[in-house]
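Accompanying notes for the structure given below.
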Amino acid sequence: APRGVRCPACGLAALAPTTQRDVLIALAKQSILSKLRLPDRPNITQPMPRGALLTALRRMYAQRTDTAVSPGIPRDGSTPHLRPEMGLQEYQILSFAESGSSTSRSVHLHFRFTRELAGSAEILQATLYLFWAVPGPGTHPVTVRLLQPDPTGLNMTVASETRLEVQRAGWATLDVGQAVQSLFGQGSPRLTVELEVAEDWGSPLLASHSDSHWPFVAAQARARLPHRVQRR
Amino acid sequence: GIDCSGDSRMCCRQEFFVDFKEIGWEDWIIQPEGYHMNYCAGLCPLHMAGIPGLAASFHTAVLNLIKANNPDAAMDSCCVPTQRRPLSLLYYDRDSNIVKTDIPDMIVDACGCT
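Have a look at this one:
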């Protein structure tokens, strides 16, 4: 700026106080939305029940869990702290299940992941949390299948299958990092989990009875590295 | 950094709080309740220019560019952020997932003259 004239960064001071306030609020909104890669503010029609949210947050940060069944995650079920690398923005995502079709021997759960993040972030880790409702004493076999849409989007294919022996009611965790990671490369990232039981449990999950036992996926993601331009 | 008060016109940090409830955003932002946006305002006389720690800032680079491209540009310095910190948000995304992230450099903690 020429000598004696206001410097370029000080234009705001010249505005009337009410206009200045409006400008600042508009700037704050624009800044938050663009940093979150949101075109507009999300419209929340059905917020999660508080009980489900608090339980999920507690489980995610818990130092121990009732049952740890998955390979690839710590036995205590805790979420390992990941060091931020190269200042890239990190995200923790909680996706709660939407109920799908069910029979006396199987239940389908759907998890939809953020479209904005799918395009700009990579999954570092993802864990599925399920709360078993065991009908009685003994061991109860459960098959957990992760289903993904095929390239045409018309049919579902089995990405992985895990057989579990459930002995008592409580939380269990399963590593679904690889499945969620491959989903993030698709246009509409939706993971379907199929739970199949050998005998008639009614439902292997307690989700329908209590908000605090709602199944969810906890994922950690990091912004992708921008494309590097090489100069010779 | 100096916080702005009524009697000073020198470079300072002006506090500005955006209440999410007031702007109707409390339904999708779970935490925090608002954003301490803050900004820098005030005069920067020549003797206040060149506060340490600002040498590599984006603002310095921009101002140097202005000076380099405009021979008439004078030596007046600007009041700009010298310390910033991230804003932690817990919010609902468009698919009703709950996301926690830290947006870097969103809160101005201190101001100084370039």
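Order-wise, the sequence lines are chains A and B.
Per my numbering, numbering of the first sequence is gapless, rising by one per residue and ending at 232.
Per my numbering, numbering of the second sequence is gapless, rising by one per residue and ending at 1114.
Positions of the beta carbon are idealized from the N, C-alpha and C atoms, including for glycine.
Can you tell me whether residue i is buried or exposed? The criterion is at least 16 other CB atoms within 10 Å of its CB, across all chains shown.
i, result
"residue 119(A)", "exposed"
"residue 72(A)", "Residue confidence for residue 72(A) is low, a pLDDT of 34 falling below 50, so the modelled location carries little weight; the figure read from the coordinates is stated next. Classification of residue 72(A): exposed, given that the 10 Å Cβ count is below 16."
"residue 1098(B)", "buried"
"residue 1015(B)", "exposed"
"residue 23(A)", "exposed"
"residue 1038(B)", "buried"
"residue 152(A)", "exposed"
"residue 1031(B)", "exposed"
"residue 1092(B)", "buried"
"residue 61(A)", "exposed"
"residue 1029(B)", "buried"
"residue 58(A)", "exposed"
"residue 1009(B)", "exposed"
"residue 103(A)", "exposed"
"residue 56(A)", "buried"
"residue 1096(B)", "buried"
So, residue i versus residue j, is the Cβ gap smaller than 7 angstroms?
i, j, result
"residue 1026(B)", "residue 1017(B)", "no"
"residue 116(A)", "residue 222(A)", "no"
"residue 233(A)", "residue 139(A)", "Shown here, chain A extends from 1 to 232; a query on residue 233(A) therefore has no answer."
"residue 150(A)", "residue 52(A)", "no"
"residue 1103(B)", "residue 1086(B)", "yes"
"residue 189(A)", "residue 97(A)", "no"
"residue 126(A)", "residue 180(A)", "yes"
"residue 109(A)", "residue 197(A)", "no"
"residue 1083(B)", "residue 1105(B)", "no"
"residue 144(A)", "residue 162(A)", "yes"
"residue 26(A)", "residue 1035(B)", "no"
"residue 111(A)", "residue 95(A)", "yes"
"residue 1094(B)", "residue 47(A)", "no"
"residue 225(A)", "residue 174(A)", "no"
"residue 130(A)", "residue 169(A)", "no"
"residue 1040(B)", "residue 1077(B)", "no"
"residue 124(A)", "residue 220(A)", "yes"
"residue 195(A)", "residue 134(A)", "no"
"residue 1001(B)", "residue 1013(B)", "yes"
"residue 1011(B)", "residue 1113(B)", "yes"
Which residues does DSSP pair with residue i in a beta bridge?
i, result
"residue 1098(B)", "94(A), 1092(B)"
"residue 1034(B)", "1019(B)"
"residue 1003(B)", "1013(B)"
"residue 1040(B)", "1013(B)"
"residue 1086(B)", "Residue 1086(B) pairs with nothing; no bridge assigned."
"residue 1110(B)", "1083(B)"
"residue 88(A)", "Looking at the DSSP assignment, residue 88(A) forms no beta bridge with any residue, so it has no partner."
"residue 213(A)", "None, per the DSSP bridge assignment."
"residue 99(A)", "109(A)"
With a threshold of 7 angstroms between beta carbons, is residue i in contact with chain A?
i, result
"residue 1053(B)", "At residue 1053(B), the pLDDT of 47 sits below 50, so the modelled position is not reliable; the number obtained from the coordinates is stated separately. By this cut-off, residue 1053(B) is not an interface position."
"residue 1103(B)", "yes"
"residue 1111(B)", "no"
"residue 1020(B)", "no"
"residue 1038(B)", "no"
"residue 1107(B)", "no"
"residue 1016(B)", "yes"
"residue 1004(B)", "no"
"residue 1007(B)", "no"
State the start and end residues of the unbroken beta strand (DSSP E) segment that holds residue i.
i, result
"residue 148(A)", "140 to 149"
"residue 1014(B)", "1012 to 1014"
"residue 175(A)", "170 to 175"
"residue 161(A)", "156 to 166"
"residue 190(A)", "190 to 197"
"residue 184(A)", "Segment: none, residue 184(A) is in no beta strand (DSSP E) and carries neither H nor E."
"residue 216(A)", "216 to 223"
Does at least one heavy atom of the ligand ZN sit under 6 angstroms from the Cβ of residue i?
i, result
"residue 163(A)", "As far as ligands go, the structure on display features none, and thus does not contain the ligand ZN."
I'd like to know whether the C-beta of residue i is nearer than 7 angstroms to at least one C-beta of chain B.
i, result
"residue 222(A)", "no"
"residue 42(A)", "yes"
"residue 112(A)", "yes"
"residue 91(A)", "yes"
"residue 123(A)", "no"
"residue 172(A)", "no"
"residue 62(A)", "no"
"residue 108(A)", "no"
"residue 28(A)", "yes"
"residue 78(A)", "Annotation note: pLDDT 35 at residue 78(A) (below 50); position unreliable, coordinate value reported separately. With 7 angstroms as the cut-off, residue 78(A) does not count as an interface residue toward chain B."
"residue 16(A)", "no"
"residue 99(A)", "no"
"residue 24(A)", "yes"
"residue 304(A)", "Given that chain A is displayed from residue 1 to residue 232, the structure contains no residue 304(A) and the question cannot be resolved."
"residue 95(A)", "yes"
What residue range is occupied by the uninterrupted alpha helix (DSSP H) comprising residue i?
i, result
"residue 25(A)", "17 to 35"
"residue 55(A)", "50 to 61"
"residue 104(A)", "Element bounds for residue 104(A): n/a, residue is neither H nor E."
"residue 128(A)", "Where residue 128(A) is concerned, there is no enclosing alpha helix (DSSP H), although the beta strand (DSSP E) it sits in stretches over 121 to 132."
Is the Cβ of residue i closer than 7 angstroms to any Cβ of chain E?
i, result
"residue 1094(B)", "Structure shown: chain E not included; protein chains present are A and B."
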